[in-house]
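Asks: If you read the sequence shown in full-length UniProt numbering, its first letter stands for residue 1, the second for the next number, and so on.
Where is the CB? At the ideal position from N, CA and C, for every residue including glycine.
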Amino acid sequence: MPLKNSQYNTILRWYDQLQAQNQRQLEQRQEEIYNAIPEIARLDEAIARTGADYARRAVLETSQEKGHESGNGALSAFHSDMERLNREKSRLLTDHGYPNDYLEPVYHCRDCKDTGFIGSRKCHCFKQAVVDLVYAQSNIRSRLESENFDTFRMDYYSPEKDPRLGISPRENMENVVAACHNFIEHFDQGPKNLLLYGSTGVGKTFLSNCIAKALLDRAHTVIYLTAFQLVDILEDNTFGKDEDSDVTENMFTYILDCDLLIIDDLGTEMNNTFITSQLFLCINERLLRRRSTIISTNLSLDKLQREYSERIFSRIVSEYQVLFIFGEDIRVKKAISS
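1) Run through DSSP, which three-state label would Leu18 get?
2) What residues match up with Phe187 in a beta bridge as DSSP calls it?
3) What does the alpha-carbon distance come out to for the pair Ile325 and Asp95?
4) Determine the burial state of Thr273: buried for a count of at least 16 other Cβ atoms within 10 Å of its Cβ, exposed for fewer.
5) Looking at the strands, I want to know which residues DSSP matches up with Thr293.
6) At the level of alpha carbons, what is the spacing between Arg153 and Asp329?
7) Taking only three categories from DSSP, how would you classify Lys113?
8) Hey, out of Ala227, Asn182, Asp232, whose CA is closest to Cys210's CA?
9) Which residue comes first and which comes last in the alpha helix (DSSP H) that contains Val317?
10) Would you say Leu215 and Leu207 are within 8 Å of each other, going by their C-beta atoms?
11) If you draw a straight line from the C-alpha of Ala136 to the C-alpha of Ile11, how long is it?
12) Measuring only between beta-carbons, confirm whether Lys122 sits less than 8 Å from chain D.
13) Give me the Cβ distance between Leu194 and Ile294, rounded to the nearest whole Å; I'm assuming they're in contact under 8 Å.
14) Compare the C-alpha of Ile275 against each of Glu319, Tyr320, Gln229 and name the closest.
15) Helix, strand or coil: how does DSSP classify Ile11 here?
16) If you draw a straight line from the C-alpha of Asn100 to the C-alpha of Leu85, how long is it?
17) With H, G and I counted as helix, E and B as strand and the rest as coil, what does DSSP make of Val202?
18) Should Pro105 go down as buried or exposed, given a rule of 16 or more other Cβ atoms within 10 Å for buried?
19) Check the C-beta distance from Leu323 over to Ala179 and give it rounded, since I have them as a contact under 8 Å.
20) Counting along the chain, where does the alpha helix (DSSP H) carrying Val332 start and finish?
21) On the CB-based measure, 16 or more other CB atoms within 10 Å of its CB, does Ser138 come out buried or exposed?
22) Could you tell me how far apart the beta carbons of Ile223 and Tyr254 are, in whole angstroms, since I believe they sit closer than 8 Å?
23) Quick check on the DSSP output: the alpha helix (DSSP H) that includes Ile283 runs from which residue to which?
24) Quick check: the Cα distance between residue 359 and Arg218, rounded to an integer number of angstroms?
25) Output yes or no for whether 8 Å exceeds the beta carbon distance between Phe187 and Ser292.
26) What are the boundary residues of the beta strand (DSSP E) that includes Leu225?
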């Protein structure tokens, strides 16, 4: 997945800044603790001396060609001393009301320790940084501050039972939200897919954003695209219309490989045979790669089957959990209340 040098360097600079920020935070905590608990400053000095003494002994024994058994004994004594000093340090921290790891390095991503790499392999946080860079997610990220499970309101859905369906919009939405939480909680156990369908303004996009935020908070790579945006990328990747072909190639690759792809408002794009074939490629390839997808649409299942190929419809109904949402248009309700 080639990146332009400028793009790659932008990400590496961000990691450098992150590491510098982490170091400043650690130094501030260390200064705070040394002032509050002077004994810990003395313990840190003892830890440093113990390490230096062991290093000197190891060099000396190597130069004098002492036996392997002697070296093992020194190493065992070194570990014993270090464990004792660190236990005392942890005890002092907790006795004074601090977490016992308060002086440990602080990382945004503990998997790669904010380096972007685990060995020679790019960390999941690096992949998300690339996604953020090559495709501007600022719109969805700003929306996630206001559209998440903490701000979700069930009172927009009527408790009155629909006589045709035998269930109220609120009770139905409670079931849908429970299914979404289940989707999130079991996300790491294998690929899962959702189809959210219903009329305009019933909360499909809002709910997709709720799921997106929950998974982004767990360091999963998430790409949100409207059907229009997805079609543009598919067309550009095929016909090379985009002047910046590196960006298009990266985006197409990440669409197929990100942990979660959200396709919003399927059915609003201009459809034709080419788009249908490319959409099938996208959906099918993600299934083969065992990647999760959420699709939202205003189309009924019957119309979805008529608008798209039988292959697409078959993949969706067999591989996706289908969730129907109904109720009044929430956007209209919000407009009236304001």
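Replies: Inspection of the coordinates gives the following:
1) helix
2) Beta-bridge pairing links Phe187 to no other residue.
3) 53 Å
4) exposed
5) Asn193, Leu261
6) 14 Å
7) coil
8) Asn182
9) 310-319
10) no
11) Residue placement at Ala136 is poorly supported in this model, since its pLDDT is 47, which falls under 50; the coordinates are not used for a value here.
12) The structure shown has no chain D; it contains just one protein chain.
13) 5 Å
14) Gln229
15) helix
16) 13 Å
17) coil
18) exposed
19) 6 Å
20) 330-337
21) Low local confidence applies: a pLDDT of 41 at Ser138 is under 50, so the model's placement there is unreliable, and no value is given.
22) 6 Å
23) 273-288
24) Here the chain covers residues 1 to 338 and nothing more, so residue 359 does not appear.
25) yes
26) 222-226
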